[in-house]
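Engineer: Please find one structure pasted underneath; my questions will follow.
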Amino acid sequence: MKSPVRMLLATSCALALTSVPAVAWSATRSGSDITAKPASTPKPSPKPTAKPSPKPSAKPKPAPVDCAKVKCIALTFDDGPGKYADKLLDTLKKYDAKASFMLEGQYAKSRPAFVKRMVTEGHDIGNHSYTHPHLRELSEDRIREELNKTVEVVKKASGKAPAMIRPPYGELDNRVVEIAKEMGLPIVLWNGGSRDWATKNEKAIYDEVLKNAKRDGVILMHDWVPQTVTVMPKLLAALKKQGYHMVGISAMRGVKDLKPGDIYPVGSEKDDDLSSDTPLDGGGEYAESPEDGL
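Next up, the structure:
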């Protein structure tokens, strides 16, 4: 029989053990010893902060060409828009070249998308009459009708009216000059040709343009001649190699000072050979015959 003292000690030890709080443990062995340590809870790794993706920077607009400081030349295309004008526009865009299109109202009406594209892509547009007549043979009312109807058609197609007049065949008289003044527009002729309509030969066109190329030159060409459109990449590359910047008439030296009825290039109206650069019949093969007409 156990003594009362031993029973009291046993009971006290049991109560002491049951009063120890429960904790989580982990055991590590060092030799033959076991040391009890509290288990550590791993901290979660911080989530990487997503950096905002940079906004694409807008492509800066090229600075306008200053033809007072660099060598400029203006390539101008009459009688269009011809049926190859879209291919010509593709080439001009590829070479970052600007041109001036002297539009006939009848073809602007049949190809309005080309007219709109010319304006959208920064080319100059001019009024080349509606049906390409000899203006000196018409009455003043008929001259106005030819020019005004073209304004309406071009403006409807592109939202922009022609900024200059180029009379067919380069023919003008005092009446044409006065009507240009009424319309608030200068008259733009040329001082170099391509004779593309006559030769229809790529090498001949290429050689003729380079022969006539000069600073502030205004070259007459036609976008309805397929050989002109085909040789254009080679021609633009050659002109660039010679240091030329191909610009619209509006960027040429002295053009901003022109008054309505003024003629550009200065003195070009005195050139007796102007008519030799244009088709004697006004072309005609370069577009379908419009069903309307004057």
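Those letters in the sequence shown? Residues -24 to -1, 1 to 270, by mature numbering (1 follows the signal peptide of the UniProt record, and there is no 0).
C-beta atoms are modelled at their ideal positions from N, C-alpha and C, and glycine is treated no differently.
1) Taking the alpha carbon of K157 as the point to measure from, which residue in H198, I141 and V127 has its own alpha carbon closest?
2) Are the CB atoms of I101 and K136 nearer to each other than 8 Å?
3) CB-CB under 6 Å to V153, same chain, minus the five flanking residues each way: which ones, in chain order?
4) Buried or exposed for E97, please, with buried defined as at least 16 other CB atoms from any protein chain shown within 10 angstroms of its CB.
5) So what does N103 bridge to, in DSSP terms?
6) Between the alpha carbons of K45 and L215, how many angstroms are there, rounded?
7) Would you report the Cα separation of G81 and H108, rounded to the nearest angstrom?
8) Taking only the alpha-carbon atoms, compute the straight-line gap between I155 and S244 and give it to the nearest angstrom.
9) Tell me which residue opens and which closes the alpha helix (DSSP H) that T175 is part of.
10) I need the straight-line Cα distance from G269 to K210, nearest angstrom please.
11) At what residues does the beta strand (DSSP E) containing I155 begin and finish?
12) Kindly indicate which three-state DSSP category D54 falls into: helix, strand or coil?
13) When the Cα atoms are used, what is the spatial distance from T254 to L114?
14) Note down, one range per segment and in chain order, each beta strand (DSSP E) of at least 3 residues found wholly within the stretch 188 to 232.
15) Following the continuous alpha helix (DSSP H) through P241, name the residue where it begins and the one where it ends.
16) Could you round the C-beta distance between L51 and I163 to whole angstroms and report it? I think they count as a contact, below 8 Å.
17) Could you spell out where the alpha helix (DSSP H) holding E113 opens and where it closes?
18) In three-state terms, what does DSSP make of G146?
19) Of the choices M208, M228 and V242, whose alpha-carbon is the least far from that of D192?
20) Any idea what DSSP makes of V46, helix, strand or coil?
21) If you drop the 5 nearest sequence neighbours on each side, which residues of the same chain put their C-beta closer than 6 Å to that of R112?
22) Going by DSSP, name the residue or residues bridged to G135.
23) Is DSSP giving V41 helix, strand or coil here?
24) Under a Cβ-count criterion, where at least 16 other Cβ atoms within 10 Å of its own Cβ denotes burial, should Q203 be classed as buried or exposed?
25) Quick one: measure Cβ to Cβ for residue 271 and C43, integer angstroms, because I've assumed they're closer than 8 Å.
26) Note down, in chain order, each residue of its chain lying with its Cβ closer than 8 Å to the Cβ of P138, except the 5 sequence neighbours on either side.
27) Look at the Cβ atom of K59, then the Cβ atom of W200, and state whether they are nearer than 8 Å.
28) Using the C-alpha atoms, what's the distance from A89 back to V95?
29) Could you tell me which residues DSSP pairs with G169 in its beta bridges?
30) Taking its Cβ as the centre, do 16 or more other Cβ atoms sit within 10 Å of P40, making it buried, or is it exposed?
Structural biologist: Per the coordinate set shown:
1) I141
2) yes
3) G237
4) exposed
5) L79 and I141
6) 17 Å
7) 9 Å
8) 19 Å
9) D172 to T175
10) The pLDDT assigned to G269 is 35, lower than 50, so where the model puts this residue is not dependable, and the model offers no usable value.
11) Unbroken run through I155 is the alpha helix (DSSP H), N150 to M159; no beta strand (DSSP E).
12) strand
13) 19 Å
14) 193 to 198
15) Segment: none, P241 is in no alpha helix (DSSP H) and carries neither H nor E.
16) Between I163 and L51 the Cβ distance is about 18 Å, and since that is not below 8 Å, they are no contact.
17) Unbroken run through E113: none, as it is neither H nor E.
18) helix
19) M228
20) coil
21) E147 and D149
22) DSSP output for G135 lists no bridge partner at all.
23) coil
24) buried
25) Outside the displayed range of the chain (-24 to 270) lies residue 271, so it cannot be described from this structure.
26) L79, I101, G102, N103, T126, V127, V130 and L161
27) yes
28) 10 Å
29) L196
30) exposed
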